[in-house]
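Worksheet: one structure, shown below.
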Amino acid sequence: MLAPAMPLRPRAHLRRSGLCGALVGMASALLGALGASPARAQGRYESALLGGRSALLGSTGVVLGVDGAAPFLNPATIVRIEDRNIAFSSSFFRYAHRTLAAWHQPGPVDADRYGDLRLDRTTVTDQGLSTLPDATCYFFDLRSGARDGSPARVPVGRQTLAACLAKTEESEFGFDALGFSGESAGRRVTQAQTLRYRWGRYSAGPSWSYSVNDRLAVGASLSVVRTRYTSALSISSIVEDTGTGAASSTTYQTALSGDSWDLLAHLGATYRLTRVFSAGISVRTPSVHVFDSFDGSYQDTLATGTAAVRHWSGAGEFVAPSPARVAVGASAEWSRLRLELDGFFYMGQPEFARIAADREEIAMEAGTVTSRRQSRFGVVEAAAPVVNVGLGAEVFLTRDLSLASGVVTDFNALSSLRGPLSVESRLFLERMSGVHAALGLVSYTRYGDLVFGARFDYAAGQMAAVNTFASPVRLDPIDCRELGATLVLAGRISLRTVENVAREIGDAVEGSAAAPSERGAPREPMREPAQKD
């Protein structure tokens, strides 16, 4: 862990060079690509927080990554991390406030059955606190390499291995026993709803990086990816005619659970252009599907004078391949400041997620089964190409304390919802795009480093709500938005330092400890900024 040498005086100016112009040009190109990204084509790939430092720096790390995010952003960067370090599992505590417009009456009404129903106060707000796990990695050297005389640079010939486990994508929302009552057009409506859904990708595997020379490093990683999706939605609605007392009841229940296991690889490289500027690129290959499982059930009931029921349950396939990704980054390092700009291009997929199941369908009316048959059921969600951009900055306030901040876009790759929709036509109910911004402190000590800060996010888009006032029951899109704040607490610890401290404590207990030596200054875990004053 190498500490940045603090300058005696701040740098007065930055000399504009061709390389500086190239960096500005790259930034313009990335932002231009972002502007060209179609807004209508909206999974959110930047939803999970990877690493502690990377989370604060706008999800950047394609060039300067040194935490648990490194193997997943660009494995070439792990050669920058010292031997026998653990990036421990960060704890992210997230508060979110979501607003769902017209949730209880999302679309048109069957006027013959419910009249001119116009309910008030149908918008729902929900807030919650959750704990999100992050990456855990262990880094160790296969070969230490030889230094070129500068302690600030990665030793030439160094080879580093890492073993990591991380959640790379996250989307979760729900509420329990949400009640509603209202009156309109001579009808009294009473509803209760429970909704829970969760989408997540988990990756685990080894990574390797090699310092070819004092400018070039390459790396590769292989990951086993588990994609897990669960959803459960239950709605009951009673509509009473206040004049006659006649009433009808509608219930809707659905539950889905799927697992998809896949393999993918990351390949990457970083190159130091000058003493200040560096660049990096990484490619994530399309995933190779290994195996999967899926279970689902559905039932809707309409009870007027008699009850009509439709039910099915089945099992089959759930395939959710990870999209191929190309990430490019540019960085600049001075004595007090580090900047990194990264662009992430995700390829489109005709099958972002697919379910196919053999099911048994049962229809009932007036207490009698009217039909029973076997059928094949399938839903496919496609994803369009998406570009996200992240910008991060780290300012050293003192030799061992820095202020980190960043921002990253998070566009949704799924197609927009266009209602009305069949209740069996969509796998995911949410289409939201957002932006994340973060601010925090990084403390570097001889034991490792500690990251503390917060990431704030705003997202807006659509959700599909169940319209129980239509015949048959259907989905209608509604507008939704969400504000969130996540507490980031993370760090890395050197096992070598832990062993030394344990040995010193043991010597002190036994009375054989030597006189304490003068402690050196903390060493920052990245290489020292390449240019000094």
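Heads up, the final residue of the sequence shown is numbered 533 in the UniProt record's numbering, and it's a clean run with no missing numbers. Backbone N, C-alpha and C define an ideal beta-carbon position, used for all residues, glycine too.
Got a sec? Which residues, its chain only, sit under 6 Å from residue i by beta carbon, not counting five neighbours each side?
{"i": "Ala-265", "result": "Leu-222 and Thr-285"}
{"i": "Asp-252", "result": "The sequence given here has Tyr at residue 252, not Asp. The answer, listed in chain order, is Ile-235, Asp-300, Val-466 and Val-473."}
{"i": "residue 567", "result": "Since the first residue shown for the chain is 1 and the last is 533, residue 567 is missing from the structure and cannot be characterised."}
{"i": "Arg-280", "result": "According to the sequence provided, residue 280 is Gly. The question's Arg does not apply to it. So the qualifying residues of the chain are Val-62, Val-63, Asn-74, Thr-270 and Gly-329."}
{"i": "Val-408", "result": "Glu-46, Gly-58, Ser-59, Gly-390 and His-436"}
{"i": "residue 566", "result": "What is shown of the chain runs 1 to 533, which leaves residue 566 out entirely."}
{"i": "Arg-98", "result": "Asp-126 and Glu-482"}
{"i": "Ala-204", "result": "Leu-165 and Val-224"}
{"i": "Cys-137", "result": "Gly-68, Ala-87, Ala-162 and Cys-164"}
{"i": "Leu-233", "result": "Leu-195 and Thr-254"}
Distance check for residue j and residue i, CA to CA, integer angstroms please.
{"i": "Leu-216", "j": "Ala-413", "result": "34 Å"}
{"i": "Asp-400", "j": "Val-442", "result": "8 Å"}
{"i": "Pro-323", "j": "Ile-478", "result": "28 Å"}
{"i": "Gly-182", "j": "Thr-468", "result": "15 Å"}
{"i": "Arg-80", "j": "Ser-278", "result": "13 Å"}
{"i": "Thr-168", "j": "Ile-505", "result": "39 Å"}
{"i": "Val-309", "j": "Ser-471", "result": "13 Å"}
{"i": "Ser-47", "j": "Glu-361", "result": "37 Å"}
{"i": "Phe-173", "j": "Ser-257", "result": "15 Å"}
{"i": "Leu-165", "j": "Asp-126", "result": "31 Å"}
{"i": "Ala-69", "j": "Arg-121", "result": "43 Å"}
{"i": "Gly-378", "j": "Leu-450", "result": "47 Å"}
{"i": "Thr-123", "j": "Leu-178", "result": "12 Å"}
{"i": "Arg-354", "j": "Glu-381", "result": "6 Å"}
{"i": "residue 539", "j": "Ala-393", "result": "This structure leaves residue 539 out entirely; the chain is present only between 1 and 533."}
{"i": "Gly-316", "j": "Ser-297", "result": "12 Å"}
{"i": "Thr-242", "j": "Thr-306", "result": "20 Å"}
{"i": "Asp-176", "j": "Ser-231", "result": "13 Å"}
{"i": "Trp-208", "j": "Gln-105", "result": "54 Å"}
{"i": "Ala-33", "j": "Ser-293", "result": "For Ala-33, the predicted model reports a pLDDT of 34, less than 50, meaning its position is unreliable; a value from the coordinates is still stated below. C-alpha separation (whole angstroms): 37 Å."}
{"i": "Ser-415", "j": "Pro-321", "result": "17 Å"}
{"i": "Thr-227", "j": "Pro-108", "result": "36 Å"}
{"i": "Leu-119", "j": "Leu-341", "result": "48 Å"}
{"i": "Pro-71", "j": "Leu-100", "result": "37 Å"}
{"i": "Val-319", "j": "Ala-255", "result": "17 Å"}
{"i": "Ser-422", "j": "Leu-429", "result": "12 Å"}
{"i": "Ala-246", "j": "Ser-375", "result": "37 Å"}
Round the Cβ separation of residue i and residue j to the nearest angstrom and send it over; I've been treating them as touching at under 8 Å.
{"i": "Tyr-345", "j": "Val-387", "result": "The amino acid occupying residue 345 in the given sequence is Phe; Tyr does not appear at that position. The pair is a contact, with the Cβ atoms about 5 Å apart (cut-off 8 Å)."}
{"i": "Thr-60", "j": "Gly-406", "result": "6 Å"}
{"i": "Leu-475", "j": "Ala-464", "result": "4 Å"}
{"i": "Leu-495", "j": "Arg-84", "result": "4 Å"}
{"i": "Ala-459", "j": "Arg-481", "result": "7 Å"}
{"i": "Val-288", "j": "Asp-262", "result": "6 Å"}
{"i": "Arg-372", "j": "Gly-314", "result": "Rounded, the Cβ-Cβ distance is 13 Å, inconsistent with contact."}
{"i": "Ala-384", "j": "Gly-343", "result": "With a Cβ gap of about 17 Å, Ala-384 and Gly-343 do not count as contacting."}
Who are the near neighbours of residue i in its chain, counting only those whose CB is closer than 7 Å to its CB and skipping five residues on each side?
{"i": "Tyr-447", "result": "Ile-493, Ser-494 and Thr-497"}
{"i": "Asp-52", "result": "One point to set straight first is that residue 52 is Gly, not Asp, in the sequence displayed. The residues are Asp-67, Ser-90, Val-451, Val-488, Ala-490 and Gly-491."}
{"i": "Gly-115", "result": "Ala-185, Gly-186 and Arg-187"}
{"i": "Glu-170", "result": "Ser-47, Ala-48, Leu-132 and Gly-200"}
{"i": "Leu-397", "result": "Leu-403"}
{"i": "Trp-103", "result": "Thr-122, Thr-123, Val-124, Ala-465 and Ile-478"}
{"i": "Gly-128", "result": "Ala-96"}
If you drop the 5 nearest sequence neighbours on each side, which residues of the same chain put their C-beta closer than 8 Å to that of residue i?
{"i": "Asp-410", "result": "Arg-44, Tyr-45, Glu-46, Ser-47, Asn-388, Ser-433, Gly-434, Val-435, His-436, Asp-457 and Ala-459"}
{"i": "Val-369", "result": "Ile-362 and Ala-363"}
{"i": "Asp-141", "result": "Asp-83, Arg-84, Arg-158, Gln-159, Thr-160 and Leu-161"}
{"i": "Gly-367", "result": "Thr-306 and Ala-307"}
Report the start-end ranges of each alpha helix (DSSP H) in the segment 63-94 that is 4 residues or longer and not cut off at the edges. Counting whole runs of 4 or more residues, the segment 63-94 contains the alpha helix (DSSP H) stretches 70-73.
Which runs of the beta strand (DSSP E) at least 3 residues long sit entirely within the segment 381-410? Give them in chain order. Fully enclosed beta strand (DSSP E) runs of 3 or longer: 386-398 and 401-410.
So, does the segment 268-288 touch the segment 330-340, judging by three or more C-beta pairs under 8 Å? Flag = yes, the segment 268-288 and the segment 330-340 touch.
Count the C-beta pairs between the segment 48-57 and the segment 447-455 that are closer than 8 Å, then say yes if the count reaches three, no if not. Yes: the two stretches touch, three or more of their Cβ pairs being nearer than 8 Å.
3-residue-minimum beta strand (DSSP E) runs that sit fully inside the segment 121-195, ordered along the chain: Within the segment 121-195, the complete beta strand (DSSP E) runs of at least 3 residues are 124-133, 136-143 and 159-184.
Runs of beta strand (DSSP E) lying entirely within the segment 300-333, each at least 3 residues, in chain order: Inside the segment 300-333, DSSP marks whole beta strand (DSSP E) runs of 3 or more residues at positions 307-319 and 325-333, from first to last along the chain.
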